[in-house]
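S.K.: Below you will find the structure I want to go over with you.
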Amino acid sequence: MKRPVKAKELDAGSRAGNFEEVVSGYSEEEALTEASRCLQCKEPLCISGCPVGIDIKKFIYHITRKDYRQAYFTIREKNNFPSICGRVCPAEYQCRKACVLTKKGSPFASEQAINIHFLERFAGDYGKNNNLDIPAQQEARFSNLRVAVVGSGPAGLCCAGELARWGVKVDVFESLHKTGGVLRYGIPPFRLSRDILDFEINYLKRLGVNFTTNFLVGKTRTIKELFDEGYSGIFLGLGAGVPSFLGLKGENLCNIYSANEFLTRVNLMSAYKFPEFHTPVNIGKNVLVIGGGNTAMDAARVALRLQKIHGFKLNTTVIYRRTEIEMPARRMEIEHARQEGVNFEFLAQPKEFAEDKQGFVSKLVCLKSELGEPDSSGRRRPIPIEGSDFELACDLCVIAAGLKANQSLISTTPELKTDKYSDLIVDPETMESSIKGVYAGGDIVGGEGTVIEAMGMAKKAACAMIDNS
Ligand SMILES: Cc1cc2nc3c(=O)[nH]c(=O)nc-3n(C[C@H](O)[C@H](O)[C@H](O)COP(=O)(O)OP(=O)(O)OC[C@H]3O[C@@H](n4cnc5c(N)ncnc54)[C@H](O)[C@@H]3O)c2cc1C
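This note's numbering applies: residue 832 is where the sequence shown begins, and numbers increase by one.
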């Protein structure tokens, strides 16, 4: 069998000094070679691994026939943003893990599994570069409907696009000054180029979607006021924008950031464009990032880049309670972080922070941990070893310990029912919330998930809004 085709990447040494996209897409030749490795299984397992059920077998088949147009449209039947998902989907835990070429029982995709995400990116970029906009499905058929979409992350954008394609008049309200949600303020440009994101948002504008930023629904307007203004339905894609903390002694010291704040300052507030922008963000000479997910990897790689750009010696370390295999981050991001020079301290459980004379963080005290039986997540539980304390010096610490539901709207709308995690409760078939006509999807339902999962829920809600109209 042919060897998997790796996508080209910027050289690790030089890329650590800039925010340019690290992975380049496949060339046509590379895409054809990789597509030709697909076994075109009679019963393709990969499709069941995709949260939105893209017909992977079919789109790859179209690529092998050089019919990139059909490949693009096949993906677009299920996924509004192939260029985005081709860049950020954790394919090794989803479609590639289900690929028949992945070894049975493997915790994530084997190297041999087809690089479905790179092929999706290739088809998506082809569509973008050749202006293959999807025509409105049923022109103006539902033009009597007017829907307010709250939040412009992947859930809101997907719902807006889906409805607009049916002729629905859609207004998106976003509390921040820029649209895109985590795609803009969380995921750094070296993983998702802003051109791609802007292209998708401009496409929605061309479909007639109207965007209003700096608009906090729940305060600027309530849900009731939106209905009074004539909206027939409302979609809530509020995300999980509230960071969790560890509850440790010293956690409020200066120079300890949540990953959300750190990444927002850099990505949304343009600190990555230094010296053009002078957004205040502390650059550590000795940075610790606590966590093992995508957010931790992004924070560590951003901190490292800032060190290099500002002429500091590279010194950024990720602290994780378990081992590498249990890390929820995408394998590629872990690999990239390591190549760029990020250090890893595994089996380390943070205990408390120590301060210097000015009240700035100076040390993180940790306990060594060992792995016990698997917990509810299926990963082996970390057990701290008593008396194993050790210290790590730091002048900047970033905590990436998970995110919780954004309560800005929920707290002012008591009729919205939530579960014990404060996530919205919805009907899983329609995504309708406890308020009639108000639907929801993405991280605000079921907690922190993935881009494609958020889009899957949003699409379901959009279909239900059309069906119930
Ligand atoms: C740093 C980071 C890296 C990640 N990396 C990946 C990855 O590589 N792959 C992947 O699949 N997933 C990744 N994820 C997870 C993924 O980004 C989320 O699952 C996804 O963005 C959820 O989409 P959403 O639309 O529900 O929420 P969000 O993207 O959070 O968008 C919600 C939007 O709603 C706005 N909003 C909230 N309340 C209001 C209100 N009351 N009024 C108006 N606007 C409001 C917010 O400002 C925000 O813009 C990552 C997450 C983070 C934080």
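Cβ coordinates follow ideal geometry from the N, Cα and C atoms, glycine included.
I think residue 1121 touches residue 1181, with their Cβ atoms under 8 Å apart; what is that distance to the nearest whole Å?
M.R.: Within the sequence shown, numbered from 1, the residue matching residue 1121 stands at position 290. Within the sequence shown, numbered from 1, the residue matching residue 1181 stands at position 350. Confirmed, Cβ separation roughly 6 Å.
S.K.: If you run the structure through DSSP and keep just helix, strand and coil, what is residue 847?
M.R.: Locating residue 847 in the sequence shown gives position 16, where the first residue counts as 1. Note: residue 847 maps to coil in three-state DSSP.
S.K.: Within the segment 965-1036, note down every full alpha helix (DSSP H) run reaching 4 residues or more, in order along the chain.
M.R.: Counting whole runs of 4 or more residues, the segment 965-1036 contains the alpha helix (DSSP H) stretches 985-996, 1013-1016.
S.K.: State buried or exposed for residue 1156, treating a residue as buried only when at least 16 other CB atoms are found within 10 Å of its CB.
M.R.: Walking along the sequence shown from the start, residue 1156 turns up at place 325. Exposed: under 16 other Cβ atoms inside 10 Å.
S.K.: Is any heavy atom of ligand 1 found at a distance shorter than 7 Å from the C-beta of residue 1208?
M.R.: Numbered from its first residue, the sequence shown carries residue 1208 at position 377. Checking every heavy atom of ligand 1 against the Cβ of residue 1208, none is found closer than 7 Å.
S.K.: If you count every other CB in all the chains shown that lies within 10 Å of the CB of residue 1096, and 16 or more means buried, which is it?
M.R.: To locate residue 1096, count along the sequence shown from 1; it is residue 265. Answer is buried; the Cβ neighbour count reaches 16.
S.K.: So what does residue 1221 bridge to, in DSSP terms?
M.R.: The residue given as residue 1221 occupies position 390 in the sequence shown. Answer is 1197, bridged to residue 1221.
S.K.: Pull up the distance between the alpha-carbon of residue 1262 and that of residue 861, whole angstroms please.
M.R.: Against the sequence shown, residue 1262 aligns to sequence position 431. Against the sequence shown, residue 861 aligns to sequence position 30. Their Cα atoms are separated by approximately 40 Å.
S.K.: Can you find a CB in chain D that lies within less than 8 Å of the CB of residue 1284?
M.R.: Any reference to chain D falls outside this structure, which holds one protein chain only.
S.K.: Considering just the uninterrupted stretch of the alpha helix (DSSP H) at residue 954, what are its terminal residues?
M.R.: On the sequence shown, residue 954 is found 123 positions in, with the first residue counted as 1. First-last of the alpha helix (DSSP H) with residue 954: 947-960.
S.K.: How should residue 833 be labelled, buried or exposed, when 16 other C-beta atoms within 10 angstroms of its C-beta is the threshold for buried?
M.R.: As a first step, residue 833 must be located in the sequence shown, where it is residue number 2. It is exposed - the Cβ of residue 833 has fewer than 16 other Cβ atoms within 10 Å.
S.K.: Going by Cα to Cα distance, which pick from 849, 1138, 926, 951 is closest to residue 858?
M.R.: Working through the sequence shown from its first residue, we reach residue 858 at position 27. Closest by alpha carbon: 951.
S.K.: Roughly how many angstroms lie between the CA atoms of residue 1207 and residue 1126, to the nearest whole one?
M.R.: Here residue 1207 refers to the residue found at position 376 when the sequence shown is read from its first residue. Here residue 1126 refers to the residue found at position 295 when the sequence shown is read from its first residue. If you take the alpha carbons of residue 1207 and residue 1126, they lie about 21 Å apart.
S.K.: CB residue 1275 to CB residue 1090, shorter than 8 Å?
M.R.: Numbered from its first residue, the sequence shown carries residue 1275 at position 444. Numbered from its first residue, the sequence shown carries residue 1090 at position 259. Taking 8 Å as the Cβ cut-off, residue 1275 and residue 1090 do not qualify as a contacting pair.
S.K.: What did DSSP end up calling residue 928 once you bin it into helix, strand or coil?
M.R.: Locating residue 928 in the sequence shown gives position 97, counting from the first residue. Residue 928: helix per DSSP, three-state reduction.
S.K.: Hey, residue 835 and residue 943 are a contact pair by Cβ (cut 8 Å); roughly how many whole angstroms apart?
M.R.: If you number the sequence shown from 1, residue 835 lands on position 4. If you number the sequence shown from 1, residue 943 lands on position 112. The Cβ separation is near 6 Å, so the contact holds.
S.K.: Taking only the alpha-carbon atoms, compute the straight-line gap between residue 1055 and residue 1232 and give it to the nearest angstrom.
M.R.: One-based indexing of the sequence shown puts residue 1055 at position 224. One-based indexing of the sequence shown puts residue 1232 at position 401. Roughly 35 Å between the two C-alpha positions.
S.K.: Strictly by DSSP, which residues pair up with residue 838?
M.R.: Locating residue 838 in the sequence shown gives position 7, where the first residue counts as 1. Note: residue 838 sits in no beta bridge, so no partner.
S.K.: Would the C-beta of residue 920 count as close to ligand 1, meaning under 7 Å from any of its heavy atoms?
M.R.: Locating residue 920 in the sequence shown gives position 89, where the first residue counts as 1. Residue 920 Cβ: within cutoff of ligand 1.
S.K.: Quick one: is residue 1033 buried, meaning 16 or more other Cβ sit within 10 Å of its Cβ, or exposed?
M.R.: In the sequence shown, residue 1033 corresponds to position 202, counting from 1. Its Cβ having fewer than 16 others within 10 Å, residue 1033 is exposed.
S.K.: Let's test the definition: count the other Cβ atoms within 10 Å of the Cβ of residue 780 and tell me whether it reaches 16, buried, or not, exposed.
M.R.: Any answer about residue 780 is impossible in this case: the structure gives the chain only from 832 up to 1300.
S.K.: Using the rule of at least 16 other Cβ atoms within 10 Å of the residue's Cβ for burial, across every protein chain shown, is residue 948 buried or exposed?
M.R.: By 1-based counting over the sequence shown, the position of residue 948 is 117. Counting Cβ neighbours within 10 Å, residue 948 comes out buried, since at least 16 surround it.
S.K.: Whole-angstrom Cβ separation of residue 1115 and residue 1187, contact assumed at under 8 Å?
M.R.: As a position in the sequence shown, residue 1115 is number 284, starting the count at 1. As a position in the sequence shown, residue 1187 is number 356, starting the count at 1. Contact flag wrong, Cβ pair sits at about 13 Å.
S.K.: Look up residue 1057 in the DSSP assignment and say whether it is helix, strand or coil.
M.R.: By one-based count along the sequence shown, residue 1057 stands at place 226. Residue state, collapsed to three classes: helix.
S.K.: Report back the beta-carbon spacing between residue 1069 and residue 1240 to the nearest angstrom; my notes put them in contact at under 8 Å.
M.R.: Position 238 of the sequence shown, counted from the first residue, corresponds to residue 1069. Position 409 of the sequence shown, counted from the first residue, corresponds to residue 1240. Their Cβ separation, rounded to whole angstroms, is 6 Å, which keeps residue 1069 and residue 1240 in contact under 8 Å.
S.K.: According to DSSP, is residue 910 helix, strand or coil?
M.R.: By 1-based counting over the sequence shown, the position of residue 910 is 79. Three-state result, residue 910: coil.
S.K.: My guess is that residue 1194 and residue 1179 are in contact by the Cβ rule of under 8 Å, so how many angstroms apart are they, rounded?
M.R.: Position 363 of the sequence shown, counted from the first residue, corresponds to residue 1194. Position 348 of the sequence shown, counted from the first residue, corresponds to residue 1179. Wrong, their Cβ atoms sit about 13 Å apart, outside the cutoff.
S.K.: Considering only DSSP beta bridges, list what residue 1235 is partnered with.
M.R.: Indexing the sequence shown from 1 puts residue 1235 at position 404. Answer by DSSP bridge pairing, in chain order: 1073.
S.K.: In or out: residue 871 buried (at least 16 other Cβ within 10 Å) or exposed?
M.R.: Mapped onto the sequence shown, residue 871 falls at position 40. Result: exposed.
S.K.: For residue 941, which of 955, 1065, 923, 957 has the nearest alpha-carbon?
M.R.: Translated into the one-based positions of the sequence shown, residue 941 becomes position 110. Cα-wise, what sits closest to residue 941 is 923.
S.K.: Report the start-end ranges of each beta strand (DSSP E) in the segment 1104-1128 that is 3 residues or longer and not cut off at the edges.
M.R.: Complete beta strand (DSSP E) runs here, min 3: 1118-1121.
S.K.: Kindly examine ligand 2 and report whether one of its heavy atoms sits closer than 7 Å to the Cβ of residue 911.
M.R.: Absence of ligand 2 from the depicted structure is noted, with ligand 1 being the only ligands included.
S.K.: Please report the distance separating the alpha-carbon of residue 959 from that of residue 1023.
M.R.: As a first step, residue 959 is located in the sequence shown; it is residue number 128 there, counting from the start. As a first step, residue 1023 is located in the sequence shown; it is residue number 192 there, counting from the start. Straight-line Cα distance between these residues: approximately 15 Å.
S.K.: Using the DSSP secondary-structure output, state which residues sit across from residue 1249 in a beta bridge.
M.R.: Counting from one through the sequence shown, the residue named residue 1249 turns up at place 418. Answer by DSSP bridge pairing, in chain order: 1255.
S.K.: Ligand 1 heavy atoms versus the CB of residue 1287: any closer than 7 Å?
M.R.: Taking the first residue of the sequence shown as 1, we reach residue 1287 at position 456. No, the Cβ of residue 1287 stays beyond 7 Å of every heavy atom of ligand 1.
S.K.: In the DSSP assignment, find the unbroken alpha helix (DSSP H) run with residue 1189 in it and report its ends.
M.R.: Within the sequence shown, the letter at position 358 stands for residue 1189. It is not in any alpha helix (DSSP H) - residue 1189 carries neither H nor E in the DSSP assignment.
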